[in-house]
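What follows is a single structure, written as structure tokens, with notes after it.
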Amino acid sequence: NHGSAPLTLRSELPYQSTIKRKARKKKNGVITANVAGTKYEIVRVVIREMGFVKTRDEDETANLIWSDSAVQQEKIAELRNYQRINHFPGMGEICRKDFLARNMTKMIKSQPQEYSFIPRTWIFPAEYTQFQNYVKELKKKRRQKTFIVKPANGAMGHGISLIRNGEKLQAQDHLIVQEYLDKPFLMEGYKFDLRVYILVTSCDPLKVFLYHDGLVRMGTEKYHPPSDSNLSQLYMHLTNYSVNKHNEHFERDETEDKGSKRSIKWFTEFLETNNLDVSKFWSDISELVVKTLIVAEPHVLHAYRMCRPGQAPGSDSVCFEVLGFDILLDRKLKPWLLEINRAPSFGTDQKIDYDVKKGVLLNALKLLNIRTSDKRRNLAQQKAEAQKRLYGQGSMKKLLPGSSEWEKQRHTLERRKEELKERLAQVRKQISKEEHENRHMGNYRRIYPPDDKTLLEKYESLLATAFQTFLAGRAASLQREMNNPLKRMKEEDILDLLEQCEIDDEKLMGKCSRQRGPK
């Protein structure tokens, strides 16, 4: 610069030292993750990309704990409020084949129209007689059906077989027997299923997100309707990747429109090209998922409350879960639920696995909104609650025996105000959460609660039925809470009620009644 003296070393030092100081300062506020419980490298990749710091394997204080298998309820009970773990208690009620069948059968009895997306199912040995009666009825009508037989707690396609003669089945085996869907939607002549990824961020209240991509997993032999000669050809009838990868015809093609494994994104483009309704496809899938999780919700919420007694309703959930729904489409494009995996594979054998699964995990962690301040805020909250208990602050004064009518009215009013203020705080917290979710949804879509009011009313009615069906005579406080009209109120409605309480209070105190002004 026109012969000016070059910068000396001394002039750079103050700048360098501030950089170092800032870097040191930032290191204090880190988000930690314990990934000792996972074998999947993609989880570690995503943790690094999020800027989380991996802790020692034995560290139980990490902000995030990731485990491939379901965790014990005791572990969930021991977690601090700032921590997050990737499993809910009670989710096994829809993730074990036999439990799913049992719970769905109960729900079908009261809501047959709404739960017509599960193939007819029998649990052996308990329902062996009903199954045999059904087979006899078919024989009388000279109709023959194919059944798919699965181990009650099996996975990855192990032990699955097809039969046409139901009378051969033994009564003592612990099995799931289902009607085989013999008219599937075919792609290039092959049968396939969909692996749809679902994120549940909270059970109190229920919050469900659907990832707008996933995997299309194809059979590796051209499909023909089941007959006595092809029942044992599992590469034709089963779509499990763990089964088909062993076939020499399995195509590991890395282009998205070829190979035995493709993306749902590609599949929706295929539907569009063939003038098929993509938005109906997604809404049908969403309804199937929400209705299934409505069946799980009473079990999950009850188990969660047992693990976290004293945790205020609406406070941040320490649990979240990424579920893998396996769905089959019939030739009319109606989705049928096959099973749900609470530990879906995050293996990345192919590029398509890496791309889809990385998106599922990365977008999920962004939605969770784990912050460095959570730990500090939690400790401060614990301290404040301990002081409240010590000094008796914030607790309502008990009504003494022999209190006057005036005192009783004031006490009722005070209790009402406390309840309304508590609910108002919960509603505002939910609004703040939703604003974060809307900004960080990525490729997820919120499917519960839905934006559509009519759909929400239908789901809430099904939820009420589910609570009555599965918790009848149990968890009375939970039932009362579900029926509390405050649960459905918006912020402005609660503010109106609070203002009315203030006016009633002033009347009781003998003050001049003021006009209701703007909030």
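In terms of the numbering used here, the sequence shown opens at residue 2 and continues consecutively. Ideal Cβ positions, reconstructed from N, Cα and C, are used throughout, including at glycine.
Exercise for the section: Have a look at the DSSP bridge pairing and note the partners of proline 336. Expected result: Here residue 336 refers to the residue found at position 335 when the sequence shown is read from its first residue. Paired residue(s): Leu330.
Exercise for the section: Under 7 Å Cβ to Cβ from glycine 123, same chain only, skipping five residues before and after it: list those, please. Expected result: By 1-based counting over the sequence shown, the position of residue 123 is 122. Contrary to the premise, residue 123 reads as tryptophan rather than glycine in this sequence. The answer, listed in chain order, is Gln131, Phe132, Val178.
Exercise for the section: Give the straight-line distance between the Cα atoms of phenylalanine 268 and threonine 274, rounded to the nearest whole angstrom. Expected result: To locate residue 268, count along the sequence shown from 1; it is residue 267. To locate residue 274, count along the sequence shown from 1; it is residue 273. Rounded to whole angstroms, phenylalanine 268 to threonine 274 spans 10 Å at the Cα level.
Handout entry: N-terminal and C-terminal residue of the alpha helix (DSSP H) that histidine 566 is part of
Key = Here the chain covers residues 2 to 520 and nothing more, so residue 566 does not appear.
Practice task
Measuring alpha carbon to alpha carbon, tell me which of Lys430, Ser261, Phe468, Asp505 ends up nearest arginine 411.
Solution key: Within the sequence shown, the letter at position 410 stands for residue 411. Taking only the C-alpha atoms, the option nearest arginine 411 is Asp505.
Exercise for the section: Under 8 Å by Cβ, that's how I've got phenylalanine 326 and valine 290 pegged, so tell me the actual separation to the nearest angstrom. Expected result: Taking the first residue of the sequence shown as position 1, residue 326 is located at position 325. Taking the first residue of the sequence shown as position 1, residue 290 is located at position 289. Indeed they touch by this definition, with Cβ atoms about 6 Å apart.
Practice task
Please confirm if lysine 418 has its CB atom under 8 Å from at least one CB of chain C.
Solution key: The displayed structure is made up of one protein chain only, and chain C is not part of it.
Exercise for the section: Quick one: give me the first and last residue of the beta strand (DSSP E) that threonine 202 is part of. Expected result: Within the sequence shown, numbered from 1, the residue matching residue 202 stands at position 201. Its beta strand (DSSP E) spans residues 193–204.
Handout entry: Euclidean distance between Cα positions of leucine 509 and leucine 425
Key = For the purposes of this step, residue 509 is identified with residue 508 of the sequence shown, where counting begins at 1. For the purposes of this step, residue 425 is identified with residue 424 of the sequence shown, where counting begins at 1. Distance between the alpha carbons of leucine 509 and leucine 425 is about 24 Å.
Practice task
With DSSP as the reference, label leucine 14 as helix, strand or coil.
Solution key: As a working note, residue 14 is residue 13 in the sequence shown. Low per-residue confidence applies at leucine 14: pLDDT is 40, beneath 50, and the placement is therefore not dependable enough to give any value.
Exercise for the section: Using 10 angstroms around the beta-carbon of lysine 88, count the other beta-carbons present and answer buried if the total reaches 16, otherwise exposed. Expected result: On the sequence shown, residue 88 is found 87 positions in, with the first residue counted as 1. The residue you asked about is not lysine; residue 88 is histidine in the sequence shown. Buried, because 16 or more other Cβ atoms sit within 10 Å of the Cβ of histidine 88.
Practice task
My understanding is that leucine 330 touches proline 185, with C-beta atoms under 8 Å, so please give their C-beta distance in whole angstroms.
Solution key: In the sequence shown, residue 330 corresponds to position 329, counting from 1. In the sequence shown, residue 185 corresponds to position 184, counting from 1. Their Cβ separation, rounded to whole angstroms, is 7 Å, which keeps leucine 330 and proline 185 in contact under 8 Å.
Practice task
Starting from tyrosine 129, trace the beta strand (DSSP E) both ways and give me its first and last residue.
Solution key: By 1-based counting over the sequence shown, the position of residue 129 is 128. Premise fails: tyrosine 129 lies in the alpha helix (DSSP H), 129–141, not in any beta strand (DSSP E).
Practice task
Ignore the nearest five residues each way along the sequence and tell me which others in leucine 463's own chain have a CB closer than 8 Å to its CB.
Solution key: Here residue 463 is taken as the residue at index 462 of the sequence shown, counted from 1. The residues are Gln112, Glu115, Lys292, Ile295.
Exercise for the section: With a threshold of 16 other CB atoms inside 10 Å of the CB of histidine 437, please say whether the residue is buried or exposed. Expected result: Taking the first residue of the sequence shown as 1, we reach residue 437 at position 436. By the 10 Å Cβ count, histidine 437 comes out exposed.
Practice task
Using 10 angstroms around the beta-carbon of threonine 221, count the other beta-carbons present and answer buried if the total reaches 16, otherwise exposed.
Solution key: Walking along the sequence shown from the start, residue 221 turns up at place 220. Flag for threonine 221 reads buried.
Handout entry: Span of the beta strand (DSSP E) around lysine 151
Key = Counting from one through the sequence shown, the residue named residue 151 turns up at place 150. Unbroken beta strand (DSSP E) run through lysine 151: 148–152.
Handout entry: DSSP-derived helix/strand/coil call for leucine 277
Key = Residue mapping note: residue 277 aligns to position 276 of the sequence shown, counting from 1. Coil, per DSSP.
Practice task
Could you pull out every residue in the same chain whose Cβ sits closer than 6 Å to the Cβ of methionine 105, ignoring the five residues on either side in sequence?
Solution key: As a working note, residue 105 is residue 104 in the sequence shown. Cβ within range, chain order: Ile119.
Handout entry: For leucine 324, the residue or residues it bridges with in DSSP
Key = Reading the sequence shown from its first residue, position 323 is the one you call residue 324. Bridge partners of leucine 324: Ile199.
Handout entry: C-alpha gap between aspartate 332 and aspartate 183, whole angstroms
Key = Stepping through the sequence shown from its first residue, residue 332 is reached at position 331. Stepping through the sequence shown from its first residue, residue 183 is reached at position 182. Per the sequence shown, the amino acid found at residue 332 is arginine instead of aspartate. The alpha-carbon atoms of arginine 332 and aspartate 183 are separated by roughly 10 Å.
Problem - Distance CB(tyrosine 198)-CB(valine 361) smaller than 8 Å - result: Here residue 198 is taken as the residue at index 197 of the sequence shown, counted from 1. Here residue 361 is taken as the residue at index 360 of the sequence shown, counted from 1. Cβ atoms of tyrosine 198 and valine 361: closer than 8 Å.
Problem - Within 8 Å, strictly: CB atoms of isoleucine 66 and asparagine 35 - result: Taking the first residue of the sequence shown as position 1, residue 66 is located at position 65. Taking the first residue of the sequence shown as position 1, residue 35 is located at position 34. Yes, Cβ-Cβ distance for isoleucine 66 and asparagine 35 is below 8 Å.
Problem - Spatial distance of valine 150 from lysine 335 (CA atoms) - result: Numbered from 1 along the sequence shown, position 149 holds the residue referred to as residue 150. Numbered from 1 along the sequence shown, position 334 holds the residue referred to as residue 335. Those two C-alpha atoms are separated by around 22 Å.
Problem - DSSP-derived helix/strand/coil call for threonine 33 - result: Translated into positions along the sequence shown, residue 33 becomes position 32. Three-state result, threonine 33: strand.
Exercise for the section: Please classify alanine 127: is it buried, with 16 or more other beta-carbons within 10 angstroms of its beta-carbon, or exposed? Expected result: The residue given as residue 127 occupies position 126 in the sequence shown. With fewer than 16 other Cβ atoms within 10 Å, it is exposed.
Problem - Local Cβ density within 10 Å of glutamate 61, reported as buried at 16 or more and exposed below that - result: As a working note, residue 61 is residue 60 in the sequence shown. Exposed, by the Cβ-count rule.
Problem - Cβ-Cβ distance between alanine 1 and serine 70 below 8 Å - result: Outside the shown range of the chain, which is 2 to 520, sits residue 1, and nothing can be said about it.
Practice task
From the DSSP output, in three-state form, read off leucine 187 for me.
Solution key: As a position in the sequence shown, residue 187 is number 186, starting the count at 1. Coil, per DSSP.
Handout entry: Three-state secondary structure assigned by DSSP to arginine 97
Key = Here residue 97 refers to the residue found at position 96 when the sequence shown is read from its first residue. Arginine 97: coil per DSSP, three-state reduction.
Problem - Helix, strand or coil at serine 264 according to DSSP, with G and I counted as helix - result: As a working mapping, residue 264 is identified with position 263 in the sequence shown. The answer is strand: DSSP assigns serine 264 an E or B state.
Handout entry: Entirely enclosed alpha helix (DSSP H) segments - the region 401–446, minimum 4 residues
Key = 406–440
Practice task
Taking all protein chains shown into account, decide if glycine 52 is buried (16 or more other Cβ within 10 angstroms of its Cβ) or exposed.
Solution key: Looking up residue 52 in the sequence shown gives position 51. By the neighbour-count rule (16 or more Cβ atoms within 10 Å), glycine 52 is not buried but exposed.
Problem - Endpoints, the beta strand (DSSP E) within which valine 178 is located - result: Along the sequence shown, one-based indexing puts residue 178 at 177. Element bounds for valine 178: 176–180.
Problem - 6 Å CB neighbourhood of serine 162 in its chain, flanking five on each side removed - result: Along the sequence shown, one-based indexing puts residue 162 at 161. The answer, listed in chain order, is Val150.
Problem - Simplified DSSP state of tyrosine 41, which is helix, strand or coil - result: Here residue 41 refers to the residue found at position 40 of the sequence shown. Three-state result, tyrosine 41: coil.
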